[in-house]
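So the structure is just underneath, and the comments pick up after that.
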Amino acid sequence: MNQRWYDRWLPRSARSVAWLAIVIVLAISFLDLIGWMLDIAPLKSIKPEWTSMKAVTAVCLALSALGLALLQKGPSGILNRRVLQVPGILVGLAGLLTLVFYAVALITGQEPALAGAPVLNLFLAPATRMALLTAILFLLVGCVLVLLATGDRRAADIAHALMVPGSVASYLVPVSYLLGVQSLHEWLNVPMALNTGIAFCALGVAIFCVRPDTWLMAVLAGDHAGGAMARRLLPGLLLIPLVIGWLRLYGERAGAFTSEVGVALVAVAYTVCFMGLVWLSARSVNRTDEKRRAAERAVQDSERRYRSLFSGMTEGFALHEILCDAKGQPCDYRFLEINPAFERLTGLKREGVIGKVVSQVLPNDDPIWVLKYGEVALTGQSVHFEHYSTPLKHHYEVFAYCPAPRQFAVLFMDITERKWAEEALREARDHLEIRVTERTAELQRANRALQEEIAERRRAEEGVKAERQRLYDVLETLPAYVVLLSADYHVPFANRFFRERFGESHGRRCFEYLFHRAEPCEVCETYCVMKTRAPHHWEWTGPDGRHYDISDFPFTDTDGSALILEMGIDITERTRAEAELRRHQEHLEELVKERTAEIENRNVRLAAEVAERRRAEEAVKIGAAELARSNKDLEQFAYVASHDLQEPLRMVTGFVELLEKECRGALTAEACTYISYAVDGARRMRTLIDDLLTYSRVTTRGGQVEAMRSEEILEEALAALHFAIQEAGATVTHGPLPTVRADATQLAQVFQNLVGNAVKFRGAEPPRVHVEARREEGHWLFSVRDNGIGIDPEFRDRIFLIFQRLHTRREYPGTGIGLALCKKIVERHGGRLWVESEPGRGSTFFFTLPA
Ligand code: ADP
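Here the sequence shown is numbered in this note's numbering, starting from 1 and rising by one per residue.
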């Protein structure tokens, strides 16, 4: 039978149909209630002359629809089955109560009084009461709803069985309205409204569709051929009689034909229509049957194909049924089917396996497999594994799956040979791996050695490279040119000096780019090396006009070709310098000659001068010796004179003093004065002679020169001058004084004379004398500074001469020997004595002593 849209849609969409019907019922009842509340007649009755749906009917219909909606949703939470039954009970009670009223009225012949019950009066009063048919249908619907709410399948079957007459009665109402047969919906003179009838039809559809699994609906809503055919015939069956009936009534009422003719026509029309329906159904069944047969043939073909596959396949196949113990755990399995490959692969025979359990067939098999296959059969999960069967002594690759509950099928193949091959392969691979490892180790050793060698070679190469670079750098920085010349006059190498002087060759031959010639130079001697293969040395003037000292050497290139190594040193400057030098030399030689002549002349003059000077020196020597002798004589004379003069002077003095004493009364005053003059002169003379003797004794009677502390010597001198210092109120100070080598007596004489003079030649202020000494280059410099009268610079040298004085004896006593004596003593010690002074500003006497 051809599948139509509703055939495909209905079985699956029974719930949707139920919802649609519920919505229709709710809509009709709510429209009616609105009509009552707002008094809109068309909402209450479709036509004004038709009876209207009562409000109680609308409420019960809504309740029924609500009950069905709850059933459709199913029990949940507080909506348990008992609660689901409540709408059915209410609707049933309403129907029952109304029926009771109708019964009482029918039996008693009068309406029951409802004055005491205003609530009941609301829906049981004759004007508001529902129709008798409506009440019967509500009682039925209530029962049906209660039964459906139980959820029980059998109760649902009963409910649908009850609903069949209810649905017929409901269908009767719109049919009777359509055909205008009022008696069909008007029972006990109370008609049922058309909208009520339609709502009941929809309610019936909803009730059937809420449970599509009942005996009735299972056929109609099922996806079998019967269900499809029933759904196909149903619209025709419902509509065709209606249409035919309506046509007959219309024809008869219009007087088109008589009742008998009408009956005949109806019979014929039904026959034709049902024949048509039968034919359509038969054709549909035939088509379905054809399809089924084709499907069966296909199944048979497929069966054959699979059977041949099953028998011919090389993989073993077995279908088993799993057996469980009391706890439901798999404990064994039974062989249901095996293929020939199974027998071949396992060696087990069909008759020894089929219907037997594995514990019989393979008693030594591992029980783990029962559990494993049991899991497949019970959970439906496929497994794929490789397994070694101990009892069968073979390796199998197994794929087990669950084709039906508590069954499992095993598809397997013998992989023993593959396993052996794999084993052999594994062994070979292991062996190979060992070999590879050994070889790898060997290779690594060799590699290391190679790497070391490479590193060594690289180092060597780098060394060579560095050496080459160094050589190249040397060549590049040489202040001479180095070039390699090939036999065909090309320049394979030229150092920087050459390039800077003559430019790059750019592949040109030497004579081309150096001299812009087409032929080699005739004067070039370089290429004679090619013939002689012996070094050659010559001089060359380059294109830059400079002179070069050229050395050519035969040279063999790395590829064995003969080259010339040429080295050129720029000797232009040297040549120039040499020429200059030559000129200078010549000039010098001339000069030397001139100077030699001059020197010879001078030598002659110098020789004469030298002779003259020698003569003068001789004369000086003679004079000095003469002077020394005369000095000595003079000293001798001074000593003798002073010493020998003392005795006669003493005599003169003694006798003049005696004469003065003896003749003091007898002589005249004038004579006495003369005598006193004589005495005074004699005394002075004596003093002079003493002084002279002292002076001469400085050299003749000098003491030993030895180291001494000069400070002590000064202290001695100051002690000797004590009275003079005190008398003059003088202050004598001194700085640190050194140890010197001197004649102690003579040094004391120097200090005594210098300090004594400083005190003696004082000015208006009390004398302040300071003595100090400081170290100078090779000697000690002593100084005696005073604040006395000072000395005129004019007399700076004179005062050091013997008996030279600047004052009279009356002004300052003294003989003028002191400073001369000091000078002689200092000079005797190898020193010097001098004075720095200004009149009125004091004097400073300096003397030096060797350090
Ligand atoms: P005299 O002290 O016996 O005169 P000196 O030979 O000691 O002999 O001195 C020579 C002269 O040098 C002195 O007569 C004096 O005029 C001068 N004279 C020496 N020392 C000083 C001095 N400190 N201040 C000024 N005049 C001096």
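Ideal placement from N, C-alpha and C gives every residue a C-beta, glycine not left out. As the structure is a prediction and not an experimental result, all values here were calculated from the model.
{"Asked": "In its own chain, which residues sit with a C-beta less than 6 Å from the C-beta of His868, not counting the 5 before and 5 after it?", "Found": "With the chain covering only 1 through 851, there is no way to say anything about residue 868."}
{"Asked": "Specify the secondary structure class of Phe317 as computed by DSSP and reduced to three states.", "Found": "strand"}
{"Asked": "Pick from Gln749, Met567, Ala624, Leu627: whose alpha carbon is nearest that of Ala719?", "Found": "Gln749"}
{"Asked": "Hey, out of Tyr373, Gly818, Thr390, whose CA is closest to Phe383's CA?", "Found": "One detail in the question is off: residue 383 reads as Val in this sequence, not Phe. Checking every option, the nearest Cα to that of Val383 belongs to Tyr373."}
{"Asked": "Thinking C-beta only, is Ser64 closer than 9 Å to Leu194?", "Found": "no"}
{"Asked": "Taking a contact to mean a Cβ-Cβ separation below 9 Å, would you say Leu172 touches His160 in this structure?", "Found": "no"}
{"Asked": "Classify Gln585 as buried or exposed, calling it buried when 16 or more other Cβ atoms lie within 10 Å of its own Cβ.", "Found": "exposed"}
{"Asked": "I want to check one thing, is the minimum distance from the CB of Tyr677 to the heavy atoms of the ligand ADP below 8 Å?", "Found": "no"}
{"Asked": "Can you look up Trp215 in the DSSP assignment and give me helix, strand or coil?", "Found": "helix"}
{"Asked": "What did DSSP end up calling Gly568 once you bin it into helix, strand or coil?", "Found": "strand"}
{"Asked": "Quick check for students: name the residue ranges of the beta strand (DSSP E) that lie wholly in the stretch 267 to 300, counting only runs of 3 or more.", "Found": "none"}
{"Asked": "Can you find the residues in the same chain that come closer than 7 Å, C-beta to C-beta, to Glu525, ignoring five residues on each side of it along the sequence?", "Found": "His536, Trp538"}
{"Asked": "Straight-line CA distance for Glu612 to Ala682?", "Found": "53 Å"}
{"Asked": "Here's the rule: buried if 16 or more other CB atoms are within 10 angstroms of the residue's CB, otherwise exposed. What is Gly142?", "Found": "buried"}
{"Asked": "Which partner residues of Glu337 appear in the DSSP bridge assignment?", "Found": "Leu319"}
{"Asked": "Hey, would you say the C-beta of Ile825 is under 8 Å away from at least one heavy atom of the ligand ADP?", "Found": "no"}
{"Asked": "Is the beta carbon of Phe761 sitting closer than 9 Å to the one on Asp786?", "Found": "yes"}
{"Asked": "Taking Val268 as the reference, give the member of Ser389, Gly245, Ala199, Cys663 with the closest Cα.", "Found": "Gly245"}
{"Asked": "Under 7 Å Cβ to Cβ from Asn2, same chain only, skipping five residues before and after it: list those, please.", "Found": "Low per-residue confidence applies at Asn2: pLDDT is 48, beneath 50, and the placement is therefore not dependable, though the value from the model is reported in the following sentence. Contacts found: Ser284, Arg287."}
{"Asked": "So within the stretch 399 to 448, which uninterrupted beta strand (DSSP E) runs reach at least 3 residues, ignoring any that extend past its ends?", "Found": "407 to 414"}
{"Asked": "What's the gap between the Cα of Gly226 and the Cα of Phe399?", "Found": "41 Å"}
{"Asked": "Run the CB neighbour count on Gly842, radius 10 Å, all protein chains shown included, and call it buried at 16 or more, exposed below.", "Found": "buried"}
{"Asked": "Could you tell me whether the Cβ atoms of Gly166 and Leu148 are closer together than 9 Å?", "Found": "no"}
{"Asked": "Could you tell me the distance, in whole angstroms, from the CA atom of Ala41 to the CA atom of Pro48?", "Found": "7 Å"}
{"Asked": "Reducing DSSP to helix, strand and coil, say where Pro554 ends up.", "Found": "strand"}
{"Asked": "Please tell me whether, using a cut-off of 8 Å, the distance from the CB of Arg805 to the nearest non-hydrogen atom of the ligand ADP is below it.", "Found": "yes"}
{"Asked": "For Arg768, which residues of its own chain have a beta-carbon under 6 Å away from its beta-carbon, when the five flanking residues on both sides are left out?", "Found": "Thr731, Asn787"}
{"Asked": "Examine the ligand ADP and report whether any of its heavy atoms sits within less than 8 Å of the Cβ of Lys760.", "Found": "yes"}
{"Asked": "Does the Cβ-Cβ distance between Thr346 and His387 come in under 9 Å?", "Found": "no"}
{"Asked": "Buried or exposed: Gly35, going by 16 or more other Cβ atoms within 10 Å of its Cβ?", "Found": "buried"}
{"Asked": "Are there three or more Cβ pairs, one per stretch, closer than 8 Å when the stretch 212 to 220 is compared with the stretch 76 to 84?", "Found": "no"}
{"Asked": "Is Asn2 helix, strand or coil when you go by DSSP?", "Found": "Unreliable placement is indicated for Asn2, whose pLDDT of 48 sits below 50; the coordinate value is still reported in the next sentence. It is coil, neither helix nor strand."}
{"Asked": "Beta carbon of Ile599: closer than 8 Å to some heavy atom of the ligand ADP?", "Found": "no"}
{"Asked": "Among Leu68, Ala409, Lys73, which residue has its Cα nearest to the Cα of Pro857?", "Found": "An answer regarding residue 857 cannot be provided, because it is not within the stretch 1 to 851 covered by the chain."}
{"Asked": "Give me the residue from Asp332, Ala230, Val100 with the minimum Cα distance to Pro367.", "Found": "Asp332"}
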